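Data block below; observations after.
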Amino acid sequence: MKKLSNKEKFDRGTKALAMLLGITVKAILEKYGPEGLECMEEAWREAHRVWGGEKMAKIAGVKKNEKNISGVAKCMDFASEIYGETYQWIEKSSIRGIKRHTSCRLYQFYPPELCHTLHRAAIEGIGVGLTGNPNFKCSVTSCISAGDQYCDFIIDDARSS
1 MKKLSNKEKF
11 DRGTKALAML
21 LGITVKAILE
31 KYGPEGLECM
41 EEAWREAHRV
51 WGGEKMAKIA
61 GVKKNEKNIS
71 GVAKCMDFAS
81 EIYGETYQWI
91 EKSSIRGIKR
101 HTSCRLYQFY
111 PPELCHTLHR
121 AAIEGIGVGL
131 TGNPNFKCSV
141 TSCISAGDQY
151 CDFIIDDARS
161 S
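Encoded structure:
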């Protein structure tokens, strides 16, 4: 058997886990329907609220004065760099951002629900944990795994009164 470099091992492991995650989401949807996906959504949001708001922010280099859209954007960029995604920020202000992914190495393994529901919930969790705003929102308006040319993630830290 060919000896693999650490990078090759990581890439193969990442793709295998992405495939298994996609299969898991499809199986949960088939067996439990939307309620099963809602359960996963809640778990992802809460895990990322706790982990993303503290640990991921520290690893991504978020500074104390960046507990806002800028800090959430750093966390999102950190994840994108790990997975080798090509992206750009179309808009980034103090309360709103639009991040466009033009390529994703893992999309072929993902059903659209993974991005539209679970990745969205993860980003919302990071946003709530980091900003302290329980109304922090993320929406996914286009998705490569759904056949679109790119993925758009819109983050919103507007504080409603």
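Everything in the sequence shown is counted per the working numbering, starting at 1 for the first residue and increasing by one. Ideal placement from N, C-alpha and C gives every residue a C-beta, glycine not left out. Treat the numbers as computed from the prediction; the structure is a model and nothing was measured.
Open item on the list: Considering only the alpha carbon of each residue, which of Lys64, Lys26, Glu85 and Lys55 lies closest to Gly125?
Closed with: Position 125 of the sequence shown holds residue 125. With distances taken between Cα atoms, Gly125 lies closest to Lys55.
Task: Neighbourhood of Trp51 by C-beta, 7 Å cutoff - its chain only, sequence neighbours within 5 removed - done: The residue you call residue 51 lines up with position 51 of the sequence shown. No residues qualify anywhere along the chain.
TODO: Grab me the residues of Pro111's own chain with a C-beta within less than 7 Å of its C-beta, minus the 5 sequence neighbours each way, in chain order.
DONE: Locating residue 111 in the sequence shown gives position 111, counting from the first residue. Excluding residues within five positions, the ones whose Cβ falls inside 7 Å are Gly22, Val25, Lys26 and Ser145.
- [ ] Return helix, strand or coil for Phe109, following the three-state DSSP convention.
- [x] Numbered from its first residue, the sequence shown carries residue 109 at position 109. Reduced to three states, the DSSP call for Phe109 is helix.
Open item on the list: Ignoring anything shorter than 3 residues, give me the beta strand (DSSP E) runs that lie fully in the segment 63-95, in order along the chain.
Closed with: 86-92
TODO: Count the C-beta pairs between the segment 84-99 and the segment 112-121 that are closer than 8 Å, then say yes if the count reaches three, no if not.
DONE: no
Task: Euclidean distance between Cα positions of Ser94 and Asp157 - done: Counting from 1 along the sequence shown, the entry for residue 94 is found at position 94. Counting from 1 along the sequence shown, the entry for residue 157 is found at position 157. Approximately 8 Å between the Cα atoms of the pair.
Task: C-alpha distance - Lys67 paired with Glu81, whole-angstrom precision - done: Here residue 67 refers to the residue found at position 67 of the sequence shown. Here residue 81 refers to the residue found at position 81 of the sequence shown. Lys67 and Glu81: Cα-Cα distance of roughly 20 Å.
TODO: Can you tell me which of the three DSSP states Arg163 falls into?
DONE: The structure shown does not extend to residue 163, since the chain spans only 1 to 161, so no value can be given for it.
Task: Beta-carbon contacts of Tyr107 that lie in its chain and below 6 Å, excluding the five residues immediately before and after - done: Looking up residue 107 in the sequence shown gives position 107. Same-chain partners within the cutoff: Ile144 and Ser145.
Task: Three-state secondary structure assigned by DSSP to Asp156 - done: Here the question's residue 156 lines up with position 156 in the sequence shown. Strand, per DSSP.
Open item on the list: By the three-class DSSP mapping on this structure, what secondary structure does Lys137 have?
Closed with: Reading the sequence shown from its first residue, position 137 is the one you call residue 137. Three-state DSSP puts Lys137 in a strand.
TODO: Find out if the Cβ-Cβ distance for the pair Phe78, Ile123 is shorter than 8 Å.
DONE: Here residue 78 is taken as the residue at index 78 of the sequence shown, counted from 1. Here residue 123 is taken as the residue at index 123 of the sequence shown, counted from 1. Not closer than 8 Å, so no.
TODO: Could you tell me the distance, in whole angstroms, from the CA atom of Pro134 to the CA atom of Ala16?
DONE: On the sequence shown, position 134 is the one that residue 134 refers to. On the sequence shown, position 16 is the one that residue 16 refers to. If you take the alpha carbons of Pro134 and Ala16, they lie about 34 Å apart.
Open item on the list: Between the alpha carbons of Met76 and Gly33, how many angstroms are there, rounded?
Closed with: Position 76 of the sequence shown holds residue 76. Position 33 of the sequence shown holds residue 33. Each residue's Cα considered, the two are about 29 Å apart.
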